[in-house]
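The structure appears right after this line, and notes come after that.
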Amino acid sequence: MTVHLVNPSHLSFGVGVITPRWLFVLGAATPAAYGTPRITDETLEALDFDTISPGDVVGIGIHTGNALRGYEIGTAARARGATVVYGGIHATLYPEEAAELGGAHTVVRGDGDVVWPIVIEDAVKGTLQPRYEGGRVDADRFVPARWDLLPAGRYMWGSVQTVRGCPKHCSFCSVWRTDGQKPRQRGVDSVVAEIIELRRQGFRFVALADDNFYPVALADLAMAERQGNVARLEQLRSLRAERFELMARLAELPRDTVFFTQITMEAAEDPSFLDAMRKANIKGALVGIEAVTPEGLKDVYKSFNKAGEDLVQRLRVFRDHGVYVLGSFIFGLPSDRPATFDATSDVADRAGLAFAQFVMLTPYPGTVDFEAWEKRVGTTADRVQGIPITRHWLIPQQYRPKVYAPHPVMTPDEIRARTQAVWDRFYSLRRIWVRSRCTRTLKARLAFVLLSKLYRQMYANTGIATDSARVNRANRWARLIAKPCRRLFVARPLPAPGNV
Ligand code: B12
Ligand code: SF4
169 MTVHLVNPSH LSFGVGVITP RWLFVLGAAT PAAYGTPRIT DETLEALDFD TISPGDVVGI
229 GIHTGNALRG YEIGTAARAR GATVVYGGIH ATLYPEEAAE LGGAHTVVRG DGDVVWPIVI
289 EDAVKGTLQP RYEGGRVDAD RFVPARWDLL PAGRYMWGSV QTVRGCPKHC SFCSVWRTDG
349 QKPRQRGVDS VVAEIIELRR QGFRFVALAD DNFYPVALAD LAMAERQGNV ARLEQLRSLR
409 AERFELMARL AELPRDTVFF TQITMEAAED PSFLDAMRKA NIKGALVGIE AVTPEGLKDV
469 YKSFNKAGED LVQRLRVFRD HGVYVLGSFI FGLPSDRPAT FDATSDVADR AGLAFAQFVM
529 LTPYPGTVDF EAWEKRVGTT ADRVQGIPIT RHWLIPQQYR PKVYAPHPVM TPDEIRARTQ
589 AVWDRFYSLR RIWVRSRCTR TLKARLAFVL LSKLYRQMYA NTGIATDSAR VNRANRWARL
649 IAKPCRRLFV ARPLPAPGNV
C-alpha cells in the first residue's frame, strides 16, 4: 500500500515558487509503518495516474481555486481502486461536495497534523469514517514538515509556518473563520530547526507561510489595558515577546538566509518591530493594502488600514526600515470608480512597493462577502455551463467568470480590462528597472527584473486574461523563465549537523 499526497493544479510550470507546505507536513505525519509517501505537486508536473494501485491511500488537499482539478484526480484515483481522502480549506468548508463530485471516501475538516495517521490506519483496517474533525490543533502539536521528501531542484523558496490564525475580520478573507482569531504561535526552536534543515538543502529563501506575522497590534494592548483585563494583557505581551525572540534567533542564522512573510500594515506603527524584522533578514512582506480610499476600506471591513497620503507614508516606513513590500490590492469593490484604477497605480508607484498584485474581488466561500452575495442572489444566480456562479469553482477554468457580483457603475469586462492595464503599467520594463534600484549589484538587479516578469506571467496573465491563447502563452513563458529564475535562489547547502 502506498500513501499518495497530491496538490492539484490545472497548470504546471515545471518549477515552483513556494513549496506547498501541507504536502510536507502530512508527509511527516504519515506513520513510518506505511512507507515513504509519494508526493505530487501538480504545479510542477501533472500526476501520473499509473502510479496509483488498488488499496493505495490518496490524500488530496484542495483550496477553492484548485478544487475542480482535485475532484478529477479523486474520481480517477477511486476508479483505480484507491481510498480517496480530501482535506484543506475547501474540503473543510464543503465536505459533501468532495464526496458527491470528487469520489471522496472520507473528508478531513480542519488541521491534518494529528488526525492524518488515524485516517490512514482506519483506511487500512477497513474502518474508515465518512468524516474526520481535525479541528484547530494547538501550536505545540503542529507537525514540522519533512523536507527530505522535497524533489531536488524544483522550488525557489521553502515555506515554514510560525503562526496560524488572525485576530482581524476582513470581509473577503476566510482565515479568521477557519483558522480562528486566536493566533497559534509555534515555538521558536521548532521553527528555527526547520529553517536550518531547509538551509542544509540549499534553500536560502524561506517564505513564512503565516496568516499575519504581526498578530498583536499596539491598539490590542491598549484595549486590554483600558479594560483592566490583566490576563489578556499578559497573554498579548507574551505573544509579542515571542515574536521578538523568534526574530532575534533568525538574526543569528547565516546572513544570506532571506525571509518573506505576510503582515498587516499596522506593523509600521512600531519601528522596533520593523528594525527587528530587518535584523532577522525578513526582507519582504506581503501587505494587504486592498483599497486606496476610505470607502474601499469600509467595503472590506479593514478600517485599521490607512488611505490616501497616510497610506503612502505608512508603506514607506517599511521601506525605510529595509522591509520591501509586495502590496496586494483588490479591484471591483462596490465603491470603486474608473478613477480608482489610476489612483491605485499612483499609490503603488509612490509608496515604494517592490512588487504588487492586483486581484479582482472574488467571493471566496467561508467569507462574510460570500455569504452576503449568496444570500442576495439566491436561486436567481446566473449560470455558466449550467452551474450557478455561486459555485464558481465548479465551472471549468476556461469558462470561469473573472468578476462575480454586479458592480454599481462598471461592467465586468471594464473591471477586468482596467485591472489588466494596472498590471501592465506596474510591470512595464521601464518601471521594473526603476524599482530594481533597491538592489545593490547588477546581478541582483537583473534577478529582480526576471522575477518581476515571472511573477506577472504566473499570477496575472494566467489568472486575468480571458483568451486561452494568452493564458497558454503566459504558461509557456513562465515555464521558460522559471528554471533560470530558480537558480538565482539556491545557496551552497549548509554542512550536515555533525560538521557544524
Ligand atoms: C502561504 C500562503 C500562500 C503563499 C504560498 C502558497 C504555497 N505554494 O504554499 C502564496 C502567497 C503564494 C499564496 C497564494 C495564493 N493564495 Co494563499 N495562503 C497562504 C496561507 C497564508 C498559508 C498556507 C500554508 O502553507 N499553510 C500551512 C499548511 C500546513 O496549512 P494548510 O495548507 O491549511 O494545510 C493544513 C490543513 O488544511 C490540512 N490539509 C490540507 N490539505 C490536506 C489534505 C489532506 C488529505 C488532509 C487530510 C488534510 C489537509 O492539514 C494541513 C496541516 O494541518 C493560507 C492561509 C491559511 N491559513 O491556510 C492562504 C490561503 C490558502 N490562500 C488563499 C488564496 C485565495 C490565495 C490566492 C488565490 C491569492 C491570490 N488572489 O492570488 C493565491 C493562489 C495561489 C495558488 N494558485 O495556489 C486563501 C484560500 C481561500 C480558499 N477558500 O481557497 C487562503 C486560505 C487565505 C485567505 N485569505 O483566505 N498563498
Ligand atoms: S486578510 Fe489578512 S488581516 Fe484580514 S483577516 Fe485575513 S489574514 Fe487577517
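According to my numbering, the stretch in the sequence shown is residues 169 to 668, in order.
We put the CB at the ideal spot given by N, CA and C, even for glycine.
Here the structure is a predicted model, which is why all the values come from computation and not from measurement.
Using the three-state DSSP reduction, which class does residue i fall into: helix, strand or coil?
| i | result |
| --- | --- |
| residue 668 | Since pLDDT at residue 668 reaches only 36, below the 50 mark, its modelled position is unreliable, and no value is offered. |
| residue 580 | helix |
| residue 329 | coil |
| residue 568 | coil |
| residue 526 | strand |
| residue 412 | helix |
| residue 183 | coil |
| residue 496 | strand |
| residue 274 | strand |
| residue 458 | strand |
| residue 360 | helix |
| residue 481 | helix |
| residue 297 | coil |
| residue 318 | coil |
Can you pull the DSSP bridge partners for residue i?
| i | result |
| --- | --- |
| residue 209 | 175 |
| residue 552 | 555 |
| residue 429 | 453 |
| residue 226 | 172, 252 |
| residue 613 | Answer by DSSP bridge pairing: none, since residue 613 is not bridged. |
| residue 353 | 331 |
| residue 373 | 426 |
| residue 658 | 371 |
Mark residue i as exposed unless 16 or more other C-beta atoms lie within 10 angstroms of its C-beta, in which case mark it buried.
| i | result |
| --- | --- |
| residue 215 | buried |
| residue 116 | Residue 116 lies beyond the range of the chain shown here (169 to 668); nothing can be said about it. |
| residue 201 | exposed |
| residue 667 | Low local confidence applies: a pLDDT of 44 at residue 667 is under 50, so the model's placement there is unreliable, and no value is given. |
| residue 301 | exposed |
| residue 444 | buried |
| residue 219 | exposed |
| residue 654 | buried |
| residue 505 | exposed |
| residue 179 | buried |
With respect to 7 Å, is the separation between the Cβ of residue i and the closest non-hydrogen atom of the ligand SF4 below this value?
| i | result |
| --- | --- |
| residue 334 | yes |
| residue 491 | no |
| residue 552 | no |
| residue 337 | yes |
| residue 606 | no |
| residue 232 | no |
| residue 343 | yes |
| residue 473 | no |
| residue 397 | no |
| residue 379 | yes |
| residue 330 | no |
| residue 464 | no |
| residue 278 | no |
| residue 429 | no |
Is residue i near the ligand B12, judged by its Cβ being under 7 Å from some heavy atom?
| i | result |
| --- | --- |
| residue 188 | yes |
| residue 262 | no |
| residue 375 | yes |
| residue 228 | yes |
| residue 469 | no |
Is it the case that the CB of residue i approaches a heavy atom of the ligand COA more closely than 7 Å?
| i | result |
| --- | --- |
| residue 257 | In terms of ligand content, the structure shown lacks the ligand COA and carries the ligand B12 and the ligand SF4 instead. |
Mind the definition here: the stretch 173-185 touches the stretch 195-213 only if three or more C-beta pairs lie below 8 Å; say whether that holds. yes
Pairing CB atoms from the stretch 534-544 with CB atoms from the stretch 588-602, are three or more of them under 8 Å? no
Pair every Cβ in the stretch 455-464 with every Cβ in the stretch 492-499, then say whether three or more of these pairs are closer than 8 Å. By the Cβ test, the stretch 455-464 is in contact with the stretch 492-499, since at least three Cβ pairs between them sit closer than 8 Å.
Below 8 Å, how does it come out for the stretch 279-296 and the stretch 314-328: are there three or more Cβ pairs, yes or no? no
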